[in-house]
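As structure tokens, the structure follows; a few thoughts come after it.
Given below as structure tokens:
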């Protein structure tokens, strides 16, 4: 994610949304403020209207607390999920190659790299290593730059599929290339369909014809293919104008039938370059690809909606934007918050007063913040995210975009609850791997055992109305006053989540105040 100055960010927000009801987040993660900047905005998002965020020398304040890099997820790392529908020009992305000629029409030296995530049972094609360029086309197709018939110049494609020597639940990558009837298909050796993110890189030399497949930075296959130009010839005559002059993602471009199956899985971060970026083993970056002088096309897949996949390479003659073609059942492709560049954590957490142990549900869904902090002193704040906690599963999905993988304390914070830290010595979180953390299962899941049992579930304490890290007479007084005034609606003094401030709220806060409940930190 690219950084934006807080001054500019707040100006844009105040210009466009200062008086609107914002139902989607809009503040950028990793925002920074210039020295001596002081800005206050009033934001409305999800179930949390009217909360103030302050920026002072790069520090955001939430209620009475100050946090660096507080996130309300204006920017999320999406990927595109395809469902293998593979017919009638749907469930794919189409990128025009010609008329006019586009820079993505690579034909000489090139590197094609992307991240993919798939399961074996939904990708049952077969790929072959062979002395022609069509070994990929009966696999589940990830990238199709084929030409109908014998063609001219050249064509190529990338797919995954079952392979000779592979187990029934293993799928590997195949790359095939052809030029004027001379071709070669090579396959990798490792399983890439275990439902985890894999970095795939294909390189090709125009002078020697050497082709290589790297999986997660490891060179797994190499051979000599045809040399020379394999681009789509400019102004080429074709009887298939709706398929031939396109690069197609996740489907066989001509819809030629079930013998040429489509890809079922996710794709993220596609970069096509006119250079050989990798000649030996390397460590794939877990940051967004960047554009340079050799980048012909670059797609981050972070649009999140709509029918355009934007090429952000800035290459001369571009952009080579893609058209997202929807359809099928399940309806696809779908934009989803899941990326190899993010730490994704499913956090189960219950607000004490919100929990109805008779129905085993929450009185309402509500927004919660989560933070990653270093697990060594001074426990620096590294990243932040927000999500809505579901009233039945008690779980929200939190995406941390900026943090590197590592060991962190997970900290949760709710509008009228006690800030609660995960157990010592922290948890290890990996980019691209979806993790789970459950505060509800045991009192030991919180640092200092700072949870309370309600029925069969452990809950974070409610009642810190003024967010000063302790539940005391001040909080009780605020709740008593609102109860006496018969306040209703989404207000901070409603600690039971039933949209009414009454004696039930007052009793809960009084009990916690009498027990001197406060934040427990390392």
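Residue numbers (our numbering): 697 to 1218.
The beta-carbon is built from N, C-alpha and C at its ideal position, and this holds for glycine as well.
Computed from a prediction, not measured in an experiment: that's the story for all the values here.
Euclidean distance between Cα positions of residue i and residue j
| i | j | result |
| --- | --- | --- |
| residue 1105 | residue 1090 | 20 Å |
| residue 1017 | residue 1055 | 50 Å |
| residue 1019 | residue 931 | 21 Å |
| residue 1192 | residue 1049 | 4 Å |
| residue 783 | residue 951 | 5 Å |
| residue 987 | residue 808 | 13 Å |
| residue 1158 | residue 1180 | 20 Å |
| residue 1137 | residue 1057 | 15 Å |
| residue 946 | residue 833 | 12 Å |
| residue 940 | residue 871 | 19 Å |
| residue 934 | residue 892 | 39 Å |
| residue 1015 | residue 1126 | 33 Å |
| residue 966 | residue 993 | 8 Å |
| residue 908 | residue 1150 | 58 Å |
| residue 1174 | residue 1002 | 45 Å |
| residue 842 | residue 903 | 21 Å |
| residue 865 | residue 816 | 6 Å |
| residue 923 | residue 906 | 8 Å |
| residue 911 | residue 886 | 8 Å |
| residue 1177 | residue 1144 | 32 Å |
| residue 1062 | residue 1108 | 13 Å |
| residue 1088 | residue 1208 | 25 Å |
| residue 1060 | residue 1042 | 19 Å |
| residue 722 | residue 772 | Any reading at residue 722 is ruled out, since the residue's pLDDT is 26, under 50, leaving its predicted position unreliable. |
| residue 1007 | residue 1047 | 43 Å |
| residue 660 | residue 1078 | Since the first residue shown for the chain is 697 and the last is 1218, residue 660 is missing from the structure and cannot be characterised. |
| residue 840 | residue 942 | 8 Å |
| residue 1120 | residue 1133 | 13 Å |
| residue 916 | residue 895 | 12 Å |
Residue i versus the options, residue with shortest Cα-Cα distance
| i | options | result |
| --- | --- | --- |
| residue 996 | 1199, 1213, 964 | 964 |
| residue 1026 | 1206, 805, 790, 818 | 818 |
| residue 989 | 970, 999, 1177, 1005 | 970 |
| residue 1216 | 1113, 919, 895 | 1113 |
| residue 960 | 985, 855, 911, 1164 | 855 |
| residue 983 | 1195, 1123, 1096 | 1096 |
| residue 1214 | 1079, 953, 1168, 1052 | 1168 |
| residue 1160 | 1211, 1131, 936, 1039 | 1211 |
| residue 801 | 785, 1011, 1142, 1182 | 1011 |
| residue 1261 | 948, 1073, 1005, 973 | Residue 1261 is absent from the structure shown; the chain starts at 697 and stops at 1218. |
| residue 1065 | 1188, 1073, 836, 1110 | 1110 |
| residue 814 | 793, 867, 938 | 867 |
| residue 875 | 828, 1203, 1142 | 828 |
| residue 925 | 937, 949, 879 | 879 |
| residue 954 | 916, 918, 821, 831 | 821 |
| residue 1009 | 991, 1148, 1023 | 991 |
beta-carbon residue i near the ligand HEM non-hydrogen atom, thresh 7 Å
| i | result |
| --- | --- |
| residue 837 | Absence of the ligand HEM from the depicted structure is noted, as is the absence of any ligand whatsoever, leaving it without description. |
Residue range of the unbroken beta strand (DSSP E) whose run includes residue i
| i | result |
| --- | --- |
| residue 1079 | 1077-1085 |
| residue 920 | 914-920 |
| residue 1177 | Residue 1177 -> not in any beta strand (DSSP E); alpha helix (DSSP H) instead, spanning 1169-1180. |
| residue 1031 | 1030-1033 |
| residue 880 | 878-883 |
| residue 855 | 850-857 |
| residue 991 | 991-995 |
| residue 962 | 960-969 |
| residue 1148 | 1148-1150 |
Inter-residue CB distance, residue i and residue j (contact presumed, cutoff 8 Å)
| i | j | result |
| --- | --- | --- |
| residue 944 | residue 1069 | Between residue 1069 and residue 944 the Cβ distance is about 44 Å, and since that is not below 8 Å, they are no contact. |
| residue 777 | residue 1036 | In fact, because the Cβ distance is near 14 Å, the residues do not count as touching under 8 Å. |
| residue 1076 | residue 1094 | With 8 Å as the limit, residue 1076 and residue 1094 do not qualify as a contact, their Cβ atoms being about 18 Å apart. |
| residue 825 | residue 914 | Contact doesn't hold; Cβ gap of about 17 Å is too wide. |
| residue 929 | residue 844 | Not a contact, Cβ separation roughly 13 Å. |
| residue 853 | residue 823 | Wrong, their Cβ atoms sit about 10 Å apart, outside the cutoff. |
| residue 1189 | residue 1146 | Actually they are not in contact, since the Cβ atoms of residue 1189 and residue 1146 sit about 22 Å apart, beyond 8 Å. |
| residue 1172 | residue 1199 | So it is not a contact: roughly 12 Å between Cβ atoms. |
Where residue i falls: helix, strand or coil (DSSP)
| i | result |
| --- | --- |
| residue 902 | coil |
| residue 985 | coil |
| residue 806 | strand |
| residue 1019 | strand |
| residue 1186 | coil |
| residue 1006 | coil |
| residue 1143 | helix |
| residue 936 | coil |
| residue 815 | strand |
| residue 1101 | coil |
| residue 1048 | helix |
| residue 1095 | strand |
| residue 840 | strand |
| residue 1011 | coil |
Residue-level contact to chain D via CB, residue i, 8 Å cutoff
| i | result |
| --- | --- |
| residue 957 | Among the chains in the structure shown there is no chain D, since it carries only a single protein chain. |
Range covered by the alpha helix (DSSP H) that runs through residue i
| i | result |
| --- | --- |
| residue 1219 | Nothing in the structure corresponds to residue 1219, since the chain is present only between 697 and 1218. |
| residue 1204 | 1199-1210 |
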